[in-house]
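Asks: Residue numbers (our numbering): 882 to 1102.
Dropping the structure in here first, questions after.
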């Protein structure tokens, strides 16, 4: 399977999604539309991964709108799709729902709670990395999957093929360090009140890799 990954900033890459792809014998192509303005076509996409980034789906940039055109084509074709943070917001925005300021800016490690058992194997609570201050709406026909105390809309699943998460399961330890050392200024103002040092010293929960794999296996089954 050809997995096309849309990456939107140098320090937020596919992380453990790449491990999953390699373990399953898939081929992964990483695009950087914010820098090169290049996107894959729908015909060459068997799975789409839309990663996070500092931009907003509300920004008036041609490549952001072109991404949504691609997303719509793939939704129409029932192609597996996984969105993280900005990526999840793009999916919701493509479906006609607003992306707005979240009730609280969340940056750092904090628990989230499962709201649906539609994907078997997701535990009731999880500790995840947050890096956002905007929020998607849950599209019609989608199921609320995960919430946090501060932000209800943390994850959705739709049609057994699409999952959008407001937070990050994909970073391994090296990826977390890359995010923090390059984007530490963004931590200020978070309701989680964690320092860069605290975020760096918090181990990535080993179960997060298993949960990520469970989600990716579900949408590609």
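Quick reminder that beta carbons are idealized off the backbone N, C-alpha and C, glycines included.
Treat the numbers as computed from the prediction; the structure is a model and nothing was measured.
When you compare only the Cα positions, how much space is there between residue 1010 and residue 978?
Replies: Stepping through the chain shown from its first residue, residue 1010 is reached at position 129. Stepping through the chain shown from its first residue, residue 978 is reached at position 97. Straight-line Cα distance between these residues: approximately 24 angstroms.
Asks: Quick test of your reading: residue 908 and residue 884, contact by CB under 8 angstroms. State the CB separation rounded to the nearest angstrom.
Replies: By 1-based counting over the chain shown, the position of residue 908 is 27. By 1-based counting over the chain shown, the position of residue 884 is 3. Contact flag correct, Cβ pair sits at about 7 angstroms.
Asks: Looking only at DSSP bridge pairs, what is residue 982 linked to?
Replies: Counting from one through the chain shown, the residue named residue 982 turns up at place 101. Paired residue(s): 1015.
Asks: Quick check on the DSSP output: what are the complete alpha helix (DSSP H) runs of length 4 or more inside the region 934-1006, in order along the chain?
Replies: 943-957, 967-975
Asks: Give me whichever residues DSSP pairs with residue 1043 in a beta bridge.
Replies: Counting from 1 along the chain shown, the entry for residue 1043 is found at position 162. Paired residues: 962, 1039.
Asks: What residues in its chain sit with their C-beta under 6 angstroms from that of residue 974, if we drop five residues either side in the sequence?
Replies: Locating residue 974 in the chain shown gives position 93, counting from the first residue. Answer for residue 974: 938, 980, listed in chain order.
Asks: Exposed or buried, what is residue 910 when buried is set at 16 or more other beta-carbons lying within 10 Å of its beta-carbon?
Replies: Translated into the one-based positions of the chain shown, residue 910 becomes position 29. Exposed is the call here.
Asks: In the DSSP assignment, what residue or residues form a beta bridge with residue 1049?
Replies: What you label residue 1049 is simply residue 168 of the chain shown in a count that begins at 1. According to DSSP, which records beta bridges pairwise, residue 1049 is partnered with 1010.
Asks: CA-CA distance, residue 1033 and residue 1027?
Replies: Indexing the chain shown from 1 puts residue 1033 at position 152. Indexing the chain shown from 1 puts residue 1027 at position 146. For residue 1033 and residue 1027, the distance between alpha carbons rounds to 8 angstroms.
Asks: What does the alpha-carbon distance come out to for the pair residue 1022 and residue 1012?
Replies: Your numbering for residue 1022 matches position 141 in the chain shown. Your numbering for residue 1012 matches position 131 in the chain shown. Those two C-alpha atoms are separated by around 26 angstroms.
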